[in-house]
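Undergrad:
There are 2 protein chains.
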Amino acid sequence: MSLSEFDLIRACFTDVGPCRSDVGLGVGDDCALLEVPAGQSLAVSMDTLVAGTHFFSDCDPSAVGYKSLAVGLSDLAAMGADPAWSTLALTLPRVDSDWVREFATGYSRLSKPYGMRLVGGDTTCGPLSVTVQVHGFVPPSAAVRRGGARVGDLVCVSGTLGDAGLALRHLLAGEAVDPSLRRRLEYPTPRVELGRRLRGLATAMIDISDGLAADLGHILDASRVAAEIDLMKLPLSPPVADAVSESSDWGLPLASGDDYELCFCLPAERLMQVKDFAASLGCSVAQIGVIRAGSGLTCRLPGGDIWPLAQVGYDHFLQ
Amino acid sequence: MSLSEFDLIRACFTDVGPCRSDVGLGVGDDCALLEVPAGQSLAVSMDTLVAGTHFFSDCDPSAVGYKSLAVGLSDLAAMGADPAWSTLALTLPRVDSDWVREFATGYSRLSKPYGMRLVGGDTTCGPLSVTVQVHGFVPPSAAVRRGGARVGDLVCVSGTLGDAGLALRHLLAGEAVDPSLRRRLEYPTPRVELGRRLRGLATAMIDISDGLAADLGHILDASRVAAEIDLMKLPLSPPVADAVSESSDWGLPLASGDDYELCFCLPAERLMQVKDFAASLGCSVAQIGVIRAGSGLTCRLPGGDIWPLAQVGYDHFLQ
Chain F
1 MSLSEFDLIR
11 ACFTDVGPCR
21 SDVGLGVGDD
31 CALLEVPAGQ
41 SLAVSMDTLV
51 AGTHFFSDCD
61 PSAVGYKSLA
71 VGLSDLAAMG
81 ADPAWSTLAL
91 TLPRVDSDWV
101 REFATGYSRL
111 SKPYGMRLVG
121 GDTTCGPLSV
131 TVQVHGFVPP
141 SAAVRRGGAR
151 VGDLVCVSGT
161 LGDAGLALRH
171 LLAGEAVDPS
181 LRRRLEYPTP
191 RVELGRRLRG
201 LATAMIDISD
211 GLAADLGHIL
221 DASRVAAEID
231 LMKLPLSPPV
241 ADAVSESSDW
251 GLPLASGDDY
261 ELCFCLPAER
271 LMQVKDFAAS
281 LGCSVAQIGV
291 IRAGSGLTCR
301 LPGGDIWPLA
311 QVGYDHFLQ
Chain B
1 MSLSEFDLIR
11 ACFTDVGPCR
21 SDVGLGVGDD
31 CALLEVPAGQ
41 SLAVSMDTLV
51 AGTHFFSDCD
61 PSAVGYKSLA
71 VGLSDLAAMG
81 ADPAWSTLAL
91 TLPRVDSDWV
101 REFATGYSRL
111 SKPYGMRLVG
121 GDTTCGPLSV
131 TVQVHGFVPP
141 SAAVRRGGAR
151 VGDLVCVSGT
161 LGDAGLALRH
171 LLAGEAVDPS
181 LRRRLEYPTP
191 RVELGRRLRG
201 LATAMIDISD
211 GLAADLGHIL
221 DASRVAAEID
231 LMKLPLSPPV
241 ADAVSESSDW
251 GLPLASGDDY
261 ELCFCLPAER
271 LMQVKDFAAS
281 LGCSVAQIGV
291 IRAGSGLTCR
301 LPGGDIWPLA
311 QVGYDHFLQ
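Protein chains in written order, with UniProt numbering: chain F, 1 to 319; chain B, 1 to 319.
(1) Name the two residues that bound the continuous alpha helix (DSSP H) containing B:Leu181.
(2) Using 7 Å as the threshold, is the C-beta distance between B:Leu172 and B:Cys283 below it?
(3) Report all residues from its chain with a CB closer than 8 Å to the CB of F:Thr14; omit the five preceding and five following residues, and keep chain order.
(4) Name the two residues that bound the continuous beta strand (DSSP E) containing F:Val134.
(5) Straight-line CA distance for B:Val130 to B:Leu90?
(6) Going along chain B in order, which residues have a C-beta closer than 7 Å to the C-beta of F:Ile206?
(7) Taking one C-beta from the region 204-211 of chain B and one from the region 269-278 of chain B each time, how about it: are there three or more such pairs within less than 8 Å?
(8) So who's on the other strand from F:Thr298, going by DSSP bridges?
(9) Between which two residues does the alpha helix (DSSP H) containing B:Val244 stretch?
(10) Of the choices B:Phe277, B:Asp22, B:Gly217, whose alpha-carbon is the least far from that of B:Trp85?
(11) Which two residues bound the contiguous alpha helix (DSSP H) that contains B:Phe103?
(12) How many Å lie between B:Ala226 and B:Phe55 at the Cα?
(13) Could you check the C-alpha separation between B:Thr116 and B:Phe264 for me, to the nearest Å?
(14) Listed in chain order, which residues of the UniProt domain "PurM-like C-terminal" (150-298) of chain F have Cβ atoms closer than 8 Å to some Cβ of chain B?
(15) Express the C-alpha separation of F:Leu281 and B:Met46 in angstroms, rounding to a whole number.
(16) Measure the alpha-carbon distance for F:Asp98 versus F:Ser111 and round it to whole angstroms.
(17) So, is B:Leu301 buried or exposed, given that buried needs 16 or more other C-beta atoms within 10 angstroms?
(18) With a CB to CB cut of under 6 Å and the five nearest residues on each side skipped, what residues in its chain are close to F:Ala256?
(19) Given F:Leu231, which residues of its chain have a CB within under 7 Å of its CB, disregarding the five upstream and five downstream residues?
(20) In angstroms with no decimal places, state the Cα-to-Cα distance between B:Val240 and B:Pro253.
(21) Assuming B:Ile291 contacts B:Val157 under a Cβ cut-off of 8 Å, what Cβ separation, rounded to an integer in Å, is found between them?
(22) Can you give the Cα-Cα distance for B:Lys67 and F:Ala202, rounded to whole angstroms?
(23) On the premise that F:Met205 lies in contact with F:Leu198, defined as a C-beta separation below 8 Å, what is that separation, rounded to the nearest angstrom?
(24) For F:Gly52 and F:Ala167, I'd like the C-alpha separation in whole angstroms.
(25) For F:Leu76 and F:Leu262, I'd like the C-alpha separation in whole angstroms.
(26) Take F:Pro190 as the anchor and find which of F:Pro113, F:Gly200, F:Leu128 has the nearest alpha-carbon.
(27) In terms of alpha-carbon separation, which member of B:Pro235, B:Leu236, B:Ala32, B:Asp276 lies closest to F:Ala81?
(28) I think B:Gly296 touches B:Leu234, with their Cβ atoms under 8 Å apart; what is that distance to the nearest whole Å?
(29) If I follow the unbroken beta strand (DSSP E) through B:Asp207, where does it start and stop?
(30) Can B:Leu118 and B:Val16 be called in contact, C-beta distance under 7 Å?
(31) List, in order along the chain, the chain B residues whose C-beta lies closer than 8 Å to that of F:Met79?
(32) Closer than 8 Å between beta carbons: that is the criterion. Which residues of the region 80-111 of chain B meet it against chain F?
(33) Under three-state DSSP, which class holds B:Glu261?
(34) Taking the straight line between their C-alpha atoms, what separation do you get for F:Arg145 and B:Glu186?
(35) Taking the Cβ atom as the reference point for each residue, do B:Gln133 and F:Gln133 lie within a distance shorter than 7 Å?
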């Protein structure tokens, strides 16, 4: 095996994403040197995907590359930030240039449309895992945090919930997986432009990575409020609606992870404006509930009963 | 096991390092929000340490925490940057609050003196590994890159070489390890202040993480020059000098990793000034060679012969 660590890095990761004038120095020195525009805060988020925990070891490397950046882009979206740069730490059991090339292809597929340049990172030998840090810009006063939800605000979500969870359920059971669901699991669409347009409109926002109940729960905790959501208003794709209808198990849209949709709170009078521009972005927005005084999350069941829901979500350590 | 991922993160990592006014939002939202001072570039570097590759799985967790930040600080030092913030991705086989607390203690031990605030990260379940990104500031024109070495410059290194390599050799052989060597392996001192003071003086700089030959080789490649170093001038601690003398194997100071000293190039007339302020920082600086026209690294042996040296170094994939 003649390919050294440095050759591997140079070959695949020196030119990922478009060139940017705010990158003084990219891959290849002790540090990258970067310029944050005046008047902008730097927004950063770091996520790790581990083989066997977050993806199957034999998963298409292109999907791993794509998704490792998508989860970070989704965090930027949830702050209303503009994507700028990424750094990548890739740990591989062995040098496998085909695997790395495909990984880089998936990573590039998402870097390009969002104008993100890969500016640095590390490549090491060990059990397969990927850590990505994303960096974006947002004017300090425009960042949408978790703690701003107010009593009376509407609770909204983008897209549909539970698709990735249903795909994963089928995969774990060794069953055939609907290709559209599988795409939602492996190639989720970070709602970057929607998040950006929600600056100044949403009072609180989070991306749904651990399941709606857990992630909305973070908004409620940070904002010190309660919420009541109406299960009949949860936006479900036909396969998820069928699965919920068959099993009466709401865990799929409420507590399965990897949706990477946005959950946000809005004063009621802004809903139509938000639905309009979301539609222009090709993304649906559903109002699913309302913020109340108090604490915790309650759910209105199809029959009209109100059901309290502990924040269960998807916890990597509890699986 | 009742401690959830979120509890674990909150308990140990919400208050690591001193508060800083440039942190608008730290741990606990989708992104951290950070302010880079006007006129400064952001310098970032990301490194991964994997159990079994970079440290022993039963290594003192405090040492793992310390070192995972030290390697990044050493990269900031090598650019002449001021440390500011860190992010941490910690992958653990299981929730082990004692381990995490000790890890955080080691991480804090280095965060505090350098004024670094931990501003975000991720905690996941999987084979033990740590990825840290460090963030620092440097005026764009003052950053010391690898590519500025000029023919006639002196080649210098800080501290002593090969101590960590000798400690590792003893550990791997199951032999007793000199405590001072072990400290150099597990608790290396990043040369942050020295690096900062070398702004405007050093023409090129790198930190020695993969061994002098490999890392000086990166300077030579980036600067398109050659170097001749004098093995008799390599700064060696007594145990390393003894080991080299016994075995006539120069691999220890030339090609063993984890030194985290600085290797830099200087016009000759600046050497005394640099030695003076290095001494005031409690750090020795040795002139070990000179930059020549051409390419590659040659070594003057004790007998006076000149020996060409391929860039071998420590390559994680080739071990």
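Built from N, CA and C at the ideal position, the CB exists for glycine as well. A quick note: this is a predicted structure, and the numbers were derived from the prediction, not measured.
TA: According to the structure data:
(1) 179-186
(2) no
(3) Gly26, Val27, Gly28
(4) 129-138
(5) 5 Å
(6) Asp30
(7) no
(8) F:Glu228, F:Pro308
(9) 238-247
(10) B:Asp22
(11) 97-111
(12) 33 Å
(13) Looking at the sequence provided, one finds Met at residue 116 of chain B rather than Thr. One C-alpha to the other measures close to 25 Å.
(14) Met205, Ile206, Asp207, Ala222
(15) 34 Å
(16) 20 Å
(17) exposed
(18) This sequence places Ser at residue 256 of chain F; Ala is not what is there. So the qualifying residues of the chain are Gly162, Gly165, Gly211.
(19) Trp250, Cys299, Arg300, Leu301, Pro302
(20) 8 Å
(21) 14 Å between Cβ atoms; not a contact.
(22) 41 Å
(23) 6 Å
(24) 16 Å
(25) 11 Å
(26) F:Pro113
(27) B:Ala32
(28) Going by Cβ atoms, the distance from B:Gly296 to B:Leu234 rounds to 18 Å, so no, they are not a contact pair.
(29) 204-208
(30) yes
(31) Asp29, Asp30, Cys31, Leu33
(32) Ala81, Thr87, Leu88, Ala89, Thr91, Arg94, Val95
(33) strand
(34) 39 Å
(35) yes
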